[in-house]
Structures are given as C-alpha cells and as structure tokens.
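Visitor: Below is a structure I'd like to ask you about.
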Ligand code: AMP
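Numbering (this note's numbering), first residue to last: 1121 to 1337.
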C-alpha cells in the first residue's frame, strides 16, 4: 500500500479549532504510549479501540509510530479497513519508526506543530495508557479546552484502572481550589471503548472562564 506524504502547513488562526463541536465524531486523535507497557489488557484495549473506530468509520489520528500501544491501535484500525492518519515530526521520522501502511502520513517540523495538526484533524480526543508524552498531549488538549480554545470531547480509556491515581490527583486539585469542578468534569472516563464513545457523542461542552475565584470553589 502506498503512503501519501504531506508536509504540514498550519491553518489560518481560528480554522480547524473545533469551536462548535459536531455531533458525529468522524475523526479521533488517540494519545497513548510509544511503549507497550506490561499489562496485556492495555494492548487488548488498544486493539479493540482501533477495531471499533474502523468499524464506525471514524478516522484515527495519532503519532504515526508502528511501536508501542500506538502501533497496536493503528494495526487494528488498518486490519479492519479503517482510515489512519499519522502525524510525526521530522526528527522522529528519521528514526524510521513510522508505520509504513498508513492511509496518510503528515510530517511536521516539530512536536508543537504535530500536536496542533493532530488537533486540527480531530473531532475528539482519546487517551490510553502511556508515559510522559501521552500525559503531555492529554494535558495540553484539556488545557486548551479549559481556555475555550476548543470544545471537543476528551476521553480517558481507563483500562484496568490505569488512570485511577491521576484522577485522584486531579480531584485533589479541585478540593484544594486549583481546578474548577466543571473543568475536571470535562474529562470523560470509561473502562469500556463503547461506553467511552457514547459519552463522547453525548458530550455537551461548557463555555467556562479559566480562573477560579474564592467564591467559585
Ligand atoms: P510516551 O507516552 O512517553 O510513550 O509518548 C507517547 C507520545 O510520544 C506519542 O504520542 C508521540 O507523540 C511521542 N513519541 C514518543 N516516541 C515516539 C516514537 N518512537 N515514534 C512516534 N512518536 C513517539
């Protein structure tokens, strides 16, 4: 299969930022580990997610790697005739880790452009287990949502309770007045792929100011 390679050009400001969320999710960006980890349930969940997205004709947008949890999502989507767009910066491409069978491969100059492009291409965000890179991508997207830069549904596939401790930490931020409860509640959590997609489809975004006043906590 031939891979279409495009060089990344940023869209003009405001376009593609998803200010008004479409009801139907036609593409989802998946953030997850470039390592496989050691819980087989995580890899099963990655495979299930790729398969379900393909079956529902939802394009998978992701970091283009053929390795780790990322590679499993892409493999499963491609095996089920899904459309998979990989977005990768030059320097990672040079390490030859990109998936050679992608529907489309978009090359960016750096990690920032990569994240922006993945955002532009997606109607929603799903985070699976991963490491620093995964968390960084997740937190940037939720921060942009908090600032009202987009209103897309942001889901965590909490396989085997992987994110329980993180969610506990975030609740502490709420109880200590650093995070608004409503903003915490923007995060949709489910341990089941279908359940998470249902929550994402039904998600009603809240336009909220970022800063917390004492009387708001
Ligand atoms: P991590 O959660 O630290 O494993 O990082 C996952 C994210 O880091 C991915 O979504 C990518 O953005 C990036 N990343 C790290 N290593 C690679 C790689 N070898 N190929 C592609 N992306 C990678």
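Glycine is no exception: its CB is placed at the ideal position from the N, C-alpha and C atoms.
Would you tell me roughly how many angstroms separate the C-alpha atoms of residue 1123 and residue 1264, rounded to the nearest one?
Guide: Walking along the chain shown from the start, residue 1123 turns up at place 3. Walking along the chain shown from the start, residue 1264 turns up at place 144. In a straight line, the C-alpha of residue 1123 is about 31 Å away from that of residue 1264.
Visitor: Among all the DSSP beta bridges, which residues are the ones paired with residue 1209?
Guide: Locating residue 1209 in the chain shown gives position 89, where the first residue counts as 1. Bridge partners of residue 1209: 1228.
Visitor: In chain order, what residues of the same chain have a beta carbon less than 6 Å from the beta carbon of residue 1149, not counting five sequence neighbours either side?
Guide: In the chain shown, counting from the first residue as 1, residue 1149 sits at position 29. For residue 1149, where only same-chain residues beyond five positions count, the Cβ hits under 6 Å are 1181, 1238, 1242, 1245.
Visitor: Using 10 angstroms around the beta-carbon of residue 1162, count the other beta-carbons present and answer buried if the total reaches 16, otherwise exposed.
Guide: What you label residue 1162 is simply residue 42 of the chain shown in a count that begins at 1. It counts as buried.
Visitor: Any heavy atom of the ligand AMP closer than 7 Å to the beta-carbon of residue 1165?
Guide: Along the chain shown, read from residue 1 onward, the residue named residue 1165 stands at position 45. No, Cβ of residue 1165 sits at least 7 Å from all heavy atoms of the ligand AMP.
Visitor: Any heavy atom of the ligand AMP closer than 7 Å to the beta-carbon of residue 1254?
Guide: Here residue 1254 is taken as the residue at index 134 of the chain shown, counted from 1. Answer for residue 1254: yes, Cβ within range of the ligand AMP.
Visitor: Quick check: the Cα distance between residue 1228 and residue 1305, rounded to an integer number of angstroms?
Guide: Position 108 of the chain shown holds residue 1228. Position 185 of the chain shown holds residue 1305. Computed Cα separation, rounded: 32 Å.
Visitor: Once the 5 residues before and after residue 1258 are set aside, which same chain residues still bring their CB inside 7 Å of it?
Guide: Taking the chain shown and counting its residues from 1, one reaches residue 1258 at position 138. These residues qualify, in order along the chain: 1151, 1247.
Visitor: Is the separation between the beta-carbon of residue 1206 and that of residue 1192 shorter than 8 Å?
Guide: Walking along the chain shown from the start, residue 1206 turns up at place 86. Walking along the chain shown from the start, residue 1192 turns up at place 72. No, the Cβ-Cβ distance between residue 1206 and residue 1192 is not below 8 Å.
Visitor: Does the beta-carbon of residue 1154, which I'm using as the reference point, lie nearer than 7 Å to any heavy atom of the ligand AMP?
Guide: Taking the first residue of the chain shown as position 1, residue 1154 is located at position 34. Yes, the beta carbon of residue 1154 sits closer than 7 Å to at least one heavy atom of the ligand AMP.
Visitor: Given a cut-off of 8 Å, decide if residue 1217 and residue 1185 are closer than it, judged by their beta-carbon atoms.
Guide: Here residue 1185 is taken as the residue at index 65 of the chain shown, counted from 1. Here residue 1217 is taken as the residue at index 97 of the chain shown, counted from 1. Yes, Cβ-Cβ distance for residue 1185 and residue 1217 is below 8 Å.
Visitor: Is the Cβ-Cβ distance between residue 1289 and residue 1308 less than 8 Å?
Guide: Position 169 of the chain shown, counted from the first residue, corresponds to residue 1289. Position 188 of the chain shown, counted from the first residue, corresponds to residue 1308. Cβ distance not < 8 Å, so residue 1289 and residue 1308 don't count as in contact.
Visitor: Could you give the C-beta distance for residue 1188 and residue 1223, rounded to a whole number, given that I count them as a contact under 8 Å?
Guide: The sequence position of residue 1188 within the chain shown is 68, counting from 1. The sequence position of residue 1223 within the chain shown is 103, counting from 1. Actually they do not touch by this definition, with Cβ atoms about 20 Å apart.
Visitor: Just to confirm my understanding: we take residue 1219, look at its own chain, exclude 5 residues before and 5 after, and list those with CB closer than 7 Å. What are they?
Guide: In the chain shown, counting from the first residue as 1, residue 1219 sits at position 99. The answer, listed in chain order, is 1184, 1185, 1186, 1191, 1194, 1206.
Visitor: For the putative contact between residue 1179 and residue 1203, defined by C-beta atoms under 8 Å, what is the C-beta separation to the nearest angstrom?
Guide: For the purposes of this step, residue 1179 is identified with residue 59 of the chain shown, where counting begins at 1. For the purposes of this step, residue 1203 is identified with residue 83 of the chain shown, where counting begins at 1. Between residue 1203 and residue 1179 the Cβ distance is about 4 Å, and since that is below 8 Å, they are a contact.
Visitor: Rounded to the nearest angstrom, how far is the Cβ of residue 1275 from that of residue 1153, given a contact under 8 Å?
Guide: If you number the chain shown from 1, residue 1275 lands on position 155. If you number the chain shown from 1, residue 1153 lands on position 33. About 16 Å; that fails the 8 Å criterion.
Visitor: Kindly examine the ligand AMP and report whether one of its heavy atoms sits closer than 7 Å to the Cβ of residue 1187.
Guide: Walking along the chain shown from the start, residue 1187 turns up at place 67. Yes - the ligand AMP has a heavy atom lying nearer than 7 Å to the Cβ of residue 1187.
Visitor: Quick check for students: name the residue ranges of the alpha helix (DSSP H) that lie wholly in the segment 1268 to 1319, counting only runs of 4 or more.
Guide: 1284 to 1295, 1301 to 1304, all fully within the segment 1268 to 1319.
Visitor: Taking the beta strand (DSSP E) that residue 1244 falls in, what are its first and last residues?
Guide: On the chain shown, position 124 is the one that residue 1244 refers to. Per DSSP, residue 1244 belongs to the beta strand (DSSP E) from 1244 to 1247.
Visitor: Alpha carbon to alpha carbon, what distance is there between residue 1158 and residue 1136?
Guide: Translated into positions along the chain shown, residue 1136 becomes position 16. Translated into positions along the chain shown, residue 1158 becomes position 38. Because the pLDDT at residue 1136 is just 39, under 50, the model does not fix this residue reliably, and the value given afterwards should be weighed accordingly. Cα-Cα distance, rounded: 36 Å.
Visitor: Going by Cα to Cα distance, which pick from 1221, 1234, 1201, 1199 is closest to residue 1210?
Guide: To locate residue 1210, count along the chain shown from 1; it is residue 90. Selected option, being the one with the closest Cα: 1234.
Visitor: Since residue 1277 and residue 1125 should fall inside the 8 Å C-beta cutoff, what is the C-beta to C-beta distance between them, to a whole number of angstroms?
Guide: For this step, residue 1277 is matched to residue 157 along the chain shown. For this step, residue 1125 is matched to residue 5 along the chain shown. No, residue 1277 and residue 1125 are not in contact; Cβ-Cβ is about 29 Å, not under 8 Å.
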